[in-house]
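*Asks:* First, the structure itself, so that you have it in front of you.
Residue numbers (our numbering): 7 to 688.
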């Protein structure tokens with residue numbers, strides 16, 4: 007959090023015009039020895055989270071990573087089930103990458119699709135809302151780019167070899183042990199090896215009650231080599247293997263009632279990534295990323311197995327001419343999901359591909375006016391195999407569905423600097439997403455009466471995002487106000503008539519504003535953040551037969567995979583550098599109460615006899631930390647999260663529907679957690 011002032015300064019440079027205006031420097035190779043291509047005249051994201059931010063609060067999962075970002079929320083206290091939301095939209099609407107490797111689809115709609123070890127991360131760039139053509143395919147709600155550390159990030163200037171041992175104790179969670187070794191195999195090449203193991207017990211909520219089904223064991227192995235080859239070439243490659251085991255409920259993102267069954271489950275992921283850069287001159291700066299990921303989930307209530315294979319690449323070049331910069335290239339991704347009984351044959355399969363061609367330009371038209379403009383063409387294909395399903399003892403065959411769609415998306419933005427303190431921005435961007443592969447459980451279990459799981463008339467989702475911003479920047483003060491509206495047409499989701507058929511259900515409108523302020527007084531950094539978002543679905547006219555609804559506030563139960571409604575969110579905090587070796591800080595996060603009408607689909611399906619008025623109570627959490635560099639190679643960190651032991655369900659989790667459906671309740675968040683970490687470098 008210490009660098010929040012810097013983050014807001016970077017945001018200021020682009021006025022948070024995530025809908026098209028970024029004016030970023032060409033992405034530099036990861037090597038610490040590589041000189042940056044050009045000076046930064048803008049920022050490629052509207053939020054930057056650094057390794058230092060993560061270390062201060064001993065980030066242990068996704069919720070910890072985005073703890074101090076009001077526009078980004080994480081639902082679910084159970085690690086395997088956590089989902090990221092930006093401006094109310096679920097991470098299925100985001101282009102999420104790790105070192106350029108896209109994290110796609112999900113194994114089970116009741117679990118998350120993004121799993122990371124925070125200790126490995128060097129930087130996180132978040133772009134809220136549809137933005138540049140270079141954001142990748144399907145970035146309807148924005149993008150999140152995770153970048154991992156390499157040996158050069160950890161080695162000191164005079165070191166050839168080093169290592170780190172770290173132990174974490176969480177009073178309300180468990181323990182984490184990790185170790186890494188890193189070194190130079192030559193003047194230009196470095197290697198990093200990292201291993202961590204986490205043992206989590208069931209957490210306790212703010213009332214001191216056990217959160218059943220939250221225990222798990224995680225193991226992660228990460229290897230990365232990086233360096234330069236000759237004068238102009240850079241190469242990195244990495245391998246990550248992750249395994250998580252535990253006994254979870256049938257629906258891990260729901261509360262587990264006392265005495266309810268838990269099922270042994272295992273989630274695994276293996277990812278290979280290679281990055282290459284050729285920095286020749288202003289006309290040729292070539293970058294290429296190739297990746298392959300295999301992820302699987304096995305066990306659960308029905309002892310089933312889902313497996314997803316992803317292969318992808320991105321090749322781009324950057325050309326600079328006077329006051330103009332152009333980035334252009336091609337990206338491709340292929341996904342395949344298979345499912346069936348554990349130990350049995352593959353019963354169901356879906357495949358999808360997306361091929362994109364894109365170009366993005368940035369121009370300084372005058373010293374005060376910057377513009378950005380871009381276009382991308384995406385070709386989506388989707389295929390189902392002949393699906394077989396036992397329906398009450400009978401073998402049912404469903405007709406296969408194939409889709410082939412092409413979509414063109416444009417973006418345009420402008421940033422006008424009024425003077426050395428004030429700047430105005432306006433941006434417009436489009437993005438598109440065709441039908442992607444479903445989760446393994448859905449394709450294995452939703453066939454009813456022989457119907458296909460995808461409507462053959464399905465068309466891609468398209469979004470139009472517009473943003474305006476005003477910003478003030480002075481020596482010690484940075485303030486920014488952003489207003490946005492995003493409309494997604496032809497939203498793809500399961501129908502509400504009990505058949506679970508994926509079809510275009512209507513129009514999803516997201517509107518709101520965000521305000522950020524950072525102020526520095528001597529060695530004290532003060533910051534304030536506020537986010538207010540409304541996300542409503544205007545359903546297709548023929549979707550409901552009982553009644554006609556002009557708009558419906560989305561919720562995480564009925565609209566799983568789309569988004570969730572959240573109360574207005576406030577963040578207030580401070581960091582104080584007591585000495586060069588000692589820093590302390592605290593933050594207060596408050597979420598206003600929210601009431602919405604829900605269960606429209608349940609009423610349509612006959613599961614309930616009335617619309618339900620859902621209320622999500624307000625809550626306030628307080629976190630504090632102390633970071634002490636005892637010696638040059640020894641550091642101690644003390645953190646207390648949820649200091650006041652607040653009892654609550656996060657608004658981005660499934661809400662409490664127990665008055666209507668007794669088992670539909672999101673998991674409680676953890677109560678007070680005292681975290682101690684000890685880090686030793688050698």
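Ideal placement from N, C-alpha and C gives every residue a C-beta, glycine not left out.
With a 10 Å radius around its C-beta and 16 neighbouring C-beta atoms as the bar for buried, classify residue 152 as buried or exposed.
*Replies:* As a first step, residue 152 is located in the chain shown; it is residue number 146 there, counting from the start. Buried.
*Asks:* Using DSSP's beta-bridge definition, name the partner residues of residue 498.
*Replies:* Taking the first residue of the chain shown as 1, we reach residue 498 at position 492. Bridge partners of residue 498: 510.
*Asks:* With 16 as the cutoff for other CB atoms within 10 Å, does residue 691 come out buried or exposed?
*Replies:* Here the chain covers residues 7 to 688 and nothing more, so residue 691 does not appear.
*Asks:* Quick one: what's got a C-beta closer than 6 Å to residue 112's C-beta in the same chain, skipping five residues either side?
*Replies:* The sequence position of residue 112 within the chain shown is 106, counting from 1. 119 and 445, listed in sequence order.
*Asks:* Pick out whichever of 485, 314 and 516 has its Cα sitting closest to the Cα of residue 96.
*Replies:* On the chain shown, residue 96 is found 90 positions in, with the first residue counted as 1. Nearest in C-alpha terms to residue 96, of all of 485, 314 and 516, is 516.
*Asks:* How about residue 230 and residue 220: are their beta carbons less than 7 Å apart?
*Replies:* Counting from one through the chain shown, the residue named residue 230 turns up at place 224. Counting from one through the chain shown, the residue named residue 220 turns up at place 214. No, the pair does not count as a contact, with Cβ atoms beyond the cut-off.
*Asks:* Given a cut-off of 7 Å, decide if residue 374 and residue 423 are closer than it, judged by their beta-carbon atoms.
*Replies:* By 1-based counting over the chain shown, the position of residue 423 is 417. By 1-based counting over the chain shown, the position of residue 374 is 368. Yes, Cβ-Cβ distance for residue 423 and residue 374 is below 7 Å.
*Asks:* For residue 623, which residues of its own chain have a beta-carbon under 6 Å away from its beta-carbon, when the five flanking residues on both sides are left out?
*Replies:* One-based indexing of the chain shown puts residue 623 at position 617. So the list reads 599, once near-sequence residues are dropped.
*Asks:* Within its chain, find whatever has a CB closer than 6 Å to the CB of residue 398; leave out the 5 residues flanking it on each side and keep chain order.
*Replies:* Stepping through the chain shown from its first residue, residue 398 is reached at position 392. Note on residue 398: pLDDT 42, under 50, position unreliable in the model; the coordinate value appears next. Here the set comprises nothing.
*Asks:* Taking residue 580 as part of the beta strand (DSSP E), name the residues at either end of that continuous run.
*Replies:* Position 574 of the chain shown, counted from the start, is the residue given in the question as residue 580. Counting along the chain, the beta strand (DSSP E) containing residue 580 begins and ends at 575-583.
*Asks:* Please report the distance separating the alpha-carbon of residue 676 from that of residue 378.
*Replies:* For the purposes of this step, residue 676 is taken as the residue at position 670 of the chain shown. For the purposes of this step, residue 378 is taken as the residue at position 372 of the chain shown. Distance between the alpha carbons of residue 676 and residue 378: 44 Å.
*Asks:* Using the rule of at least 16 other Cβ atoms within 10 Å of the residue's Cβ for burial, across every protein chain shown, is residue 427 buried or exposed?
*Replies:* Numbered from 1 along the chain shown, position 421 holds the residue referred to as residue 427. Per the 10 Å Cβ criterion, exposed.
*Asks:* Mapping DSSP to helix, strand and coil, what is residue 604?
*Replies:* The count along the chain shown starts at 1 and reaches residue 604 at position 598. Residue state, collapsed to three classes: strand.
*Asks:* In terms of residue numbering, what span does the beta strand (DSSP E) encompassing residue 707 cover?
*Replies:* The chain is shown only over 7 to 688; residue 707 falls outside these bounds and no answer can be derived.
*Asks:* Quick one, which of 435, 496 and 355 has its alpha-carbon nearest residue 474's?
*Replies:* Here the question's residue 474 lines up with position 468 in the chain shown. Residue 474 has its Cα closest to that of 435, out of 435, 496 and 355.
*Asks:* Less than 7 Å between the C-beta atoms of residue 657 and residue 535, yes or no?
*Replies:* For the purposes of this step, residue 657 is identified with residue 651 of the chain shown, where counting begins at 1. For the purposes of this step, residue 535 is identified with residue 529 of the chain shown, where counting begins at 1. Not closer than 7 Å, so no.
*Asks:* Please report how far the alpha carbon of residue 246 lies from the alpha carbon of residue 174, in whole angstroms.
*Replies:* Position 240 of the chain shown, counted from the start, is the residue given in the question as residue 246. Position 168 of the chain shown, counted from the start, is the residue given in the question as residue 174. Rounded to the nearest angstrom, the two C-alpha atoms are 21 Å apart.
*Asks:* Could you check if residue 492 is buried or exposed, using at least 16 other CB atoms within 10 Å of its CB as the buried criterion?
*Replies:* Within the chain shown, the letter at position 486 stands for residue 492. Burial call: buried.
*Asks:* Determine the direct distance from the alpha carbon of residue 368 to that of residue 331, and round the result to whole angstroms.
*Replies:* Locating residue 331 in the chain shown gives position 325, counting from the first residue. Locating residue 368 in the chain shown gives position 362, counting from the first residue. The alpha-carbon atoms of residue 331 and residue 368 are separated by roughly 5 Å.
*Asks:* Using a Cβ-Cβ cut-off of 6 Å (strictly less than) and excluding sequence neighbours within five positions of residue 532, which residues of its own chain qualify?
*Replies:* Counting from 1 along the chain shown, the entry for residue 532 is found at position 526. Taken in chain order, the residues that qualify are 525 and 580.
*Asks:* Compute the beta-carbon to beta-carbon distance between residue 679 and residue 655, rounded to the nearest angstrom, for a pair I have assumed lies under 8 Å.
*Replies:* The sequence position of residue 679 within the chain shown is 673, counting from 1. The sequence position of residue 655 within the chain shown is 649, counting from 1. About 17 Å separates the two Cβ atoms, so there is no contact after all.
*Asks:* Out of 687, 627 and 681, state which residue places its alpha-carbon closest to the alpha-carbon of residue 73.
*Replies:* As a first step, residue 73 must be located in the chain shown, where it is residue number 67. Among 687, 627 and 681, the Cα nearest to that of residue 73 is on 627.
*Asks:* By a C-beta neighbour count over all protein chains shown, 10 Å radius and 16 as the cutoff for buried, is residue 639 buried or exposed?
*Replies:* As a first step, residue 639 is located in the chain shown; it is residue number 633 there, counting from the start. Answer is exposed; the Cβ neighbour count stays below 16.
*Asks:* For residue 158, does the three-state DSSP call read helix, strand or coil?
*Replies:* The sequence position of residue 158 within the chain shown is 152, counting from 1. In this structure, residue 158 counts as helix in the three-state DSSP scheme.
*Asks:* How is the beta strand (DSSP E) around residue 534 delimited, first residue to last?
*Replies:* Here the question's residue 534 lines up with position 528 in the chain shown. Per DSSP, residue 534 belongs to the beta strand (DSSP E) from 530-545.
*Asks:* Would you mind listing the beta strand (DSSP E) stretches within the stretch 243-319 that are 3+ residues and don't spill past its ends, in chain order?
*Replies:* 269-285 and 291-305
*Asks:* In angstroms with no decimal places, state the Cα-to-Cα distance between residue 253 and residue 273.
*Replies:* By 1-based counting over the chain shown, the position of residue 253 is 247. By 1-based counting over the chain shown, the position of residue 273 is 267. One C-alpha to the other measures close to 11 Å.
*Asks:* Please identify the residue among 128, 529 and 625 whose C-alpha is closest to the C-alpha of residue 212.
*Replies:* For the purposes of this step, residue 212 is taken as residue 206 along the chain shown, with counting starting at 1. Nearest of 128, 529 and 625 to residue 212, Cα basis: 625.
*Asks:* For residue 550 versus residue 610, is the C-beta spacing smaller than 7 Å?
*Replies:* Reading the chain shown from its first residue, position 544 is the one you call residue 550. Reading the chain shown from its first residue, position 604 is the one you call residue 610. Yes, these two residues count as a Cβ contact at 7 Å.
*Asks:* Could you tell me the alpha carbon to alpha carbon distance between residue 177 and residue 355, rounded to whole angstroms?
*Replies:* In the chain shown, residue 177 corresponds to position 171, counting from 1. In the chain shown, residue 355 corresponds to position 349, counting from 1. Their backbone Cα atoms lie some 43 Å apart in a straight line.
*Asks:* Shortest alpha-carbon distance to residue 370 belongs to which of 129, 329 and 320?
*Replies:* For the purposes of this step, residue 370 is taken as the residue at position 364 of the chain shown. It is 329.
*Asks:* Would you identify the three-state DSSP class for residue 85, choosing helix, strand or coil?
*Replies:* Counting from one through the chain shown, the residue named residue 85 turns up at place 79. DSSP places residue 85 in helix when its eight states are reduced to three.
*Asks:* Count the other CB atoms within 10 Å of the CB of residue 547; is the residue buried (16 or more) or exposed (fewer)?
*Replies:* In the chain shown, counting from the first residue as 1, residue 547 sits at position 541. By the neighbour-count rule (16 or more Cβ atoms within 10 Å), residue 547 is not buried but exposed.
*Asks:* Since residue 430 is in the beta strand (DSSP E), which residue starts that stretch and which ends it?
*Replies:* What you label residue 430 is simply residue 424 of the chain shown in a count that begins at 1. Element bounds for residue 430: 428-439.
*Asks:* Can you tell me whether residue 584 is buried or exposed, with buried defined as 16 or more other CB within 10 angstroms of its CB?
*Replies:* In the chain shown, the residue the question calls residue 584 occupies position 578. The residue in question, residue 584, is exposed, as its Cβ has fewer than 16 Cβ neighbours within 10 Å.
*Asks:* Rounded to whole angstroms, what's the CA-CA distance from residue 13 to residue 347? Just pull it up for me.
*Replies:* Here residue 13 corresponds to residue number 7 of the chain shown, with the count starting at 1. Here residue 347 corresponds to residue number 341 of the chain shown, with the count starting at 1. Low confidence applies here, because residue 13 scores a pLDDT of 37, under 50, leaving its location unreliable and the question unanswered by this model.
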